[in-house]
Amino acid sequence: MNNPPIDSAFVTTADVQLNLFDLLRKGTAELHELVERRVPVLREGFNLEDYIQLVESFLGFWAPVEERLSRLDTLRSPHLALQSRLKCSLLREDLLILGRDPDTARKCERLPRLDTFLQGLGCLYVIEGSTLGSQIIARRLNEKLQLSEASGASFFNAYGKSVGARWMEFKHFVSASVKPEDADEMIEAARQTFLCFYEWLGTTSAIVRRL
Ligand code: HEM
């Protein structure tokens, strides 16, 4: 007996979410690992000066990327709430608290292409996903350097207890807006974002060069 045809009406938003985010995770896994190694907060000997340089490096990338994302009209949906996801101001506040001038931080010029809705979402996957790993980083900063949200680590504590909820909201928005055939463009943008950030970290932070 032949299998019955698959009725696309039975492919739910949850299925799309599962598949797309599974593909995104698999498609960027080795790049996540590379970037993780260049964010060496978990290493012995990581000190306050290393941390300040790392915050400067993050600002040098997040600032131009967020500026470009903000320029994309297609990302201006209330369901995405892009403005509330921009975290560059937290990095600036952290630097000020740590006694540095955020305006002197170098800015990355080699950025991922951010011309289309899907490229924007692929990039945002990386930016928003980083809040998940940031929870581990925040705990470490607190244990080793006694840094909290109020004393120079607000970026890595972004969203506080709502990290999981904000991530789920992002996933829902993406799943409702992206068709399965659009996955490749989004994954490519996520890969480019990871790669550009990886290269940038290699040129900015002294601790990365020391490793
Ligand atoms: C020491 C540094 C880092 C550590 C230890 C780390 C660790 C993690 C962990 C444990 C998760 C999974 C969390 C979960 O499933 O609940 C995660 C997810 C993620 N991280 Fe990182 N991370 C780090 C840095 C970064 C950075 C700098 C970025 C981006 C520039 C990033 C991007 C992502 C993304 C996109 C995800 C979502 C993966 C997915 O489930 O699809 N991470 N990270």
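Mapped onto this note's numbering, the consecutive letters of the sequence shown carry residue numbers 4 to 214.
Ideal placement from N, C-alpha and C gives every residue a C-beta, glycine not left out.
Measure the CB-CB distance between residue i and residue j and report whether it falls below 8 Å.
i, j, result
"Tyr-54", "Leu-144", "yes"
"Leu-124", "Val-177", "yes"
"Leu-198", "Phe-158", "no"
"Ser-60", "Trp-203", "yes"
"Val-58", "Leu-114", "no"
"Cys-91", "Glu-69", "yes"
"Ala-193", "Leu-27", "yes"
"Phe-200", "Phe-64", "yes"
"Ala-168", "Ala-156", "no"
"Gly-205", "Arg-41", "yes"
"Leu-216", "Leu-45", "Here the chain comprises residues numbered 4 to 214, so residue 216 is not present and cannot be evaluated."
"Phe-120", "Leu-78", "yes"
"Leu-62", "Ala-108", "yes"
"Leu-100", "Ser-137", "Checking the sequence shown, residue 100 turns out to be Ile, not Leu. The answer is no: Cβ separation not under 8 Å."
Consult DSSP for residue i and reduce its assignment to one of helix, strand or coil.
i, result
"Ser-80", "coil"
"Val-44", "coil"
"Gly-63", "helix"
"Gln-149", "coil"
"Val-181", "coil"
"Ser-154", "helix"
"Ala-161", "coil"
"Asn-5", "Any answer about Asn-5 is weak, because its pLDDT of 45 lies below 50 and its placement is not dependable; what the coordinates show is given next. In this structure, Asn-5 counts as coil in the three-state DSSP scheme."
"Phe-173", "helix"
"Leu-51", "helix"
"Leu-89", "coil"
"Leu-75", "coil"
"Gly-167", "helix"
"Glu-70", "helix"
Would you check whether the ligand HEM has a heavy atom nearer than 7 Å to the C-beta of residue i?
i, result
"Ser-154", "no"
"Ile-100", "no"
"Glu-47", "no"
"Val-58", "no"
- What alpha helix (DSSP H) runs, 4 residues minimum, are completely inside the region 91–140? 91–100
As a quick check of your reading: which residues have a C-beta less than 6 Å from at least one non-hydrogen atom of the ligand MN, in chain order? As for the ligand MN, it is missing from this structure, which binds only the ligand HEM.
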